[in-house]
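Residue 1264 in our numbering sits at position 1041 of the sequence shown; the count goes up by one each step and never skips.
We put the CB at the ideal spot given by N, CA and C, even for glycine.
Everything on this sheet refers to the single structure shown next.
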Amino acid sequence: MKGVRRDPNHLSASSRGESPRRDPSPNPDSGRTSPRGPGAGFRSEPADSPAALKPKPAGTGDCSASSRRMTTSDTLIGQALAGAGPGGLRRGWEESLEAEQPGEGCAVAASEPPSPPQQQQQLREQPSGPQQAALPPPGLRRRPVRLRMRGPARALIGCGRSHVAGVSTRSLGPNMCLRRLMQSSQLQQAWRVAFLKHVQGRHQGAQRWTHPGGSTYRAVIFDMGGVLIPSPGRVAAEWELQNHIPSGTIVKALISGGENGPWMKFMRAEITREDFLQEFGRLCSEISKTSVPVDSFFSLLTSERVVKQFPVMTEAITQIRAKGLQTAVLSNNFYLPNGKSFLPLDQKQFDVVVESCLEGVCKPDPRIYKLCLERLGRQPSESIFLDDLGPNLKAAASLGIHTIKVHDPETAVKELETLLGFPLRTAVPNTRPVRKTMEIPRDSLEKYLKDLLGTQATGPLELLQFDHGQSNPTYYIKLANQQLVLRKKPPGTLLPSVHAVEREFRIMKALANVGVPVPKVLDLCEDSRVIGTPFYLMEYCPGLIYKEPSLPGLEPSQRRAIYTAMNRVLCKIHSVDLKAAGLEDYGKHGDYIARQVQTWIKQYRASETSTIPAMERLIEWLPLHLPRQQKTTVVHGDFRLDNLLFHPETAEVLAVLDWELSTLGDPLADVAYNCLAHHLPSNFPIQPGLSDCDLTELGIPTAEEYFRMYCLHMGIPPTENWNFYMAFSFFRIAAILQGVYKRSLTGQASSASAEQTAKLTEFMSNLAWDFAIKEGFRVFKEMPATKPLTRSHHTWARPQSLLRTPGTRSYITSTDSSPAHASKGALVFSPEGLSPPVRELYQRLKQFMERHVYPAEPELQRHQASAERWTPSPLVEDLKEKAKAEGLWNLFLPLETDPEKKYGAGLTNVEYAHLCEVMGTSLYAPEIFNCSAPDTGNMELLVRYGTEEQKARWLIPLLEGKARSCFAMTEPQVASSDATNIESSIREEDDFYVVNGHKWWISGILDPRCQLCVFMGKTDPQAPRHQQQSVLLVPMDTPGIKIIRPLTVYGLEDAPGGHGEVRFEQVRVPKENMVLGPGRGFEIAQGRLGPGRIHHCMRLIGCSERALALMKARAKSRVAFGKPLVEQGTVLADIAQSRVEIEQARLLVLKAAHVMDVAGNKAAALDIAMIKMVAPSMAYRVIDRAVQVFGAAGLSRDYPLAQFFTGARALRFADGPDEVHRAAVAKMELKHRS
């Protein structure tokens, strides 16, 4: 059975008695009532076809602030009143509005437009002349036409930007006069002539639809509020009630002033938001005789609570466009503080978008309707306009546009269907006409059904296809009063042992008898003569299927209840008594994972189209790390959220769907598969995930919490090799995706999007390998200390087994055969273990250092001590150009931050660690390769968190080396090692943030090239401790930045960047310079210091190596007390101790970098803290020993040791004092290892 796969927001809406609301995600697909959609993601069936793999555009549901938009109404006054209920306040307002109009043409009912012949006759009777050029009326602002692509890719509707509009009663007086002038004058006819000329010869092939009255329509124009989205009247009423504001205050204030009132001016973009709110607040306070927080009302009005497009309208627009008609939205609206118009609709739904704030004209001014028609290239008689306000409809009807007054969307769509002459609503959600390649013989099927059901129906057989899945095609059937679901094998030659509909039928029939919620199956037909393949039938039942794991639109408590219900039903499946259910022979007992691994290896090999390195490693690794103990239960094989049918009112699972992969096996495989979404990003193209969502805020359990919940319900202890199960699950998905791709090449996959899965196989296999690495670390840590270890450059290299696993290949035959980024899944201990491309880069970097950097150091030292030290060295600039020309530029950005290599070299943290060590041997090298702090951290901050506008302004110049930057955090008045102590303020004022604060030790701020200051301050001192801080991008040329003095480190100024003490006094920064949002500063700072924290440690290894090299050379060349220093026992001991400490620190740096690569910065927190403790102190000691061997010379500028020493000492607190890191390590040690 396939349930009605509907938008999950329907649950919350129906449970509250409200209209169903649209998913707030900005995805084009997110707003539709669709079948599992992307959530149907991975149908993990044997290799060639994941049932229900459907691509999904980027979108995160509730996972990101950018997805939380909301609308109000078009003409807000009437919309607000519309929410007061039928007949009451709304009618009273309309009557009062009409009572104020001049007598002519005040009826709300729309007049019937003249037929096209009549219009053409009228046009022919008009005198010709210059006026026929149809110049736009004065004051009408022309804007470029917004044309939208059409076709299947645009048929799925979501949401986009945001937008509101309104109309004032008194404004209608002059507008009505202007409208009559436009209607009766030659100007109107000139417009019509222009329309005819404009469309002459166009759209000749467009399909024309005729309503019963004989008129033809080619375009449908929609108002926004009250038509496409709910009216905000209820919002206003509820807000007034909650804030103890007299009822009707908001509406009265909106009407006040008429044409020249603040609301109308605001919608025409004649006044700013701040001016509007000030005047509007004054009006509301005068009306209510109390203070009214109007900014609170508009914040609510533009929040995600209100922005929900009616699904019935979404579906209607899809059907209209599918028939070849045009669509437009014509809306009064205003500008948001970010400079964008408030239009919370997916603009891909429309061929034309007309917004009042962009045009400077509002409805019901006829000019805005004419502008819409002009851009559509249509005559009024060819168009239908839907609005919920009489004056707006009246203005449209006066131009000859057919109008529909919208009281409720359902009724309006029915009326629109009558006019257009074709259906706008699909009777069964999530279905579509049967694809040509998936057609089945209707006659033989109908005969079979009548024999089975005993139905002598006179009506035709209705057959639709569910529009999801790449596995077994699934159909909706209606015959007489029977509604059924048919599921069959796909056509063509299939891989062995897949698409077993017979097994699906058996398992569902058996489980129904033991209390597991499954669809009710009716019959299995194994006779391929009926429709060409075996199939089975089940009852159709509506319900809710949540296609997005983030469950957008639900409350946190509802989300947790959904996940808990899913967990419990999985436990129920795994607790089935096999003997009682008659399923003892449903599969083999024992060795399930071993058999599955071999099955998927074979399936992958059968569908392989090219070599994927990670798959080859997994094929070799998985058979060697199988679980030792496995329980045998029923396993679903494809258990995920969107394979569950939920009750519309409660978090109850009505049915578990899609049992194609079910068998007897290890239940933990089901649990791991159920957690895949936790490790995928929210914008993943196949299935949206949760990896970048705040699960605590959403109320969704983490993968670890979900697994513990399962163990608690089952009464079992958590397994230790959880990472193996995750690696196996992702490997299986990768094999499935490869099968889908192979079938798409022959046209067999049952989804048109299957061929898009080609690149995803490699992505999934890399994720699987990451979990394999994590499992390797777990095993490594548990190995006895006395067990000898075989050293290798790669953690995944191993002696070749004489007994090779069938189907595996010897992928790693030598170091040189490593893939380009082998270190993404490997801990590379030495440069020789790097992949060939990276090793070659390493060698070029060393050669550049030897040829250019080391020889330039004396000149650079002289410049740094000269009077021109505060200006950049021309030699450094010359070396930067040389480095850029040789491709030794921007090496620092980690691969996970820049996976497409748009900004950097695409190195992993491990790979960069080896290169960074080389750069660390010279104080000047990092800047020469554009890899110096604080720019590296700031650039990564912009890549990770910056908007496109912020990246264009700041990131590109930094990447090009044309600008420098600084990071302002430390303050002299507080202990800044605790970032929550920061006192600098960021205060909101109009369209700006005003910054005030006293900062010091701001590295790089004295550099004349410094153009950007990344400023950290408090926006809300009353918020929770770690949500008070925000990060703001402050241009250095902003008035109010006062540099007090340069600071010295042991007397060294570090020119030209230096370390400045600075005051920020009333520094006004545009709001769009806020990074990520208010209160996110602590989060950003931690993310910024992820890789950046160990960059210093990497460089310190190089610094220490050079100090030791200088020390050895000095010891060999100097004689004291009758023998060379190198023969002095204390010197020898110091050399030995330095070598040991450098090697220890290097291994810890590489391990931290590796864990960051395979597990992420958060998981590497312990390793990062440990290396921050170790590296600066180690370098400090090694350099100190070298200075001691050099004697007084070591303190001079003749050698780099003095600067090395000061740098190492400063780094013991520059990225957090040693004490903080020691405390962090101790806490994690006590928490996780006790």
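Are residue i and residue j close, meaning C-beta to C-beta below 8 Å?
i	j	result
S1200	G1439	yes
I473	F520	yes
V1257	S1145	no
D446	L609	yes
D1357	A1375	no
L1064	L1138	yes
I879	L867	The question names Ile, yet the displayed sequence has Val at residue 879. Yes, these two residues count as a Cβ contact at 8 Å.
V858	D889	yes
F1052	L1331	no
R1176	D1230	no
V799	M761	no
Rounded to the nearest angstrom, what separates residue i and residue j at their Cα positions?
i	j	result
I510	R491	24 Å
G437	Q570	Below a pLDDT of 50, predicted positions are generally treated as unreliable, and G437, at 41, falls in that range; no measurement from the model is reported.
E1305	P911	Looking at the sequence provided, one finds Phe at residue 1305 rather than Glu. Taking the straight line from one Cα to the other gives about 27 Å.
S514	L500	13 Å
R365	G562	No answer about R365 holds up, because its pLDDT of 37 lies below 50 and its placement is not dependable.
N232	E875	The predicted position of N232 is uncertain, since its pLDDT is 34 and thus under 50; no value can be drawn from it.
T392	G471	Reliability of the predicted coordinates at T392 is poor, the pLDDT of 31 falling under 50, and no value is obtained from them.
A784	L864	13 Å
W945	A1386	16 Å
R496	C1154	43 Å
A459	E778	22 Å
R840	R1062	21 Å
L1182	A817	49 Å
D1441	M1396	5 Å
H1444	A1425	26 Å
V535	L464	30 Å
F1152	L1114	8 Å
V517	N1219	28 Å
Going by C-alpha to C-alpha distance, which of the options sits closest to residue i?
i	options	result
K546	N555, K563, F521 and L643	L643
N989	P1122, K711, L745 and F1215	P1122
E727	A1388, P908, V636 and G860	G860
P587	E482, D1213 and K637	E482
With 16 other CB atoms within 10 Å as the buried threshold, where does residue i fall?
i	result
K732	buried
I624	buried
R851	exposed
H870	exposed
L1453	exposed
Y1273	exposed
T756	buried
I939	exposed
S606	buried
I842	buried
R658	exposed
N223	Any answer about residue 223 is impossible in this case: the structure gives the chain only from 224 up to 1457.
F689	buried
R244	Only weak support exists for where R244 lies, its pLDDT of 34 falling under 50; the value from the coordinates is given anyway. Result: buried.
Q1360	exposed
G1414	exposed
P713	buried
V1514	Nothing about residue 1514 can be reported from this structure: the residues present for the chain run from 224 to 1457 only.
Under a CB-based cut-off of 8 Å, is residue i close to chain B?
i	result
P779	The structure shown contains no chain B, having only a single protein chain.
Relative to the ligand FMN, is the shortest distance from any of its heavy atoms to the C-beta of residue i smaller than 7 Å?
i	result
N1204	Looking for the ligand FMN in the displayed structure turns up nothing, as the structure carries no ligands at all.
Exercise for the section: For the region 612-667, list the alpha helix (DSSP H) runs that are entirely contained and at least 4 residues long, ordered along the chain. Expected result: Counting only runs of 4 or more, we get 613-621 and 632-643.
Problem - Secondary structure, beta strand (DSSP E): runs of 3+ residues fully inside the region 724-766 - result: As far as the region 724-766 is concerned, its whole beta strand (DSSP E) runs of at least 3 residues are 744-748 and 758-762.
Handout entry: Length at least 4, wholly inside the region 1081-1143: the alpha helix (DSSP H) runs in chain order
Key = Whole alpha helix (DSSP H) segments, 4+ residues: 1097-1108 and 1132-1142.
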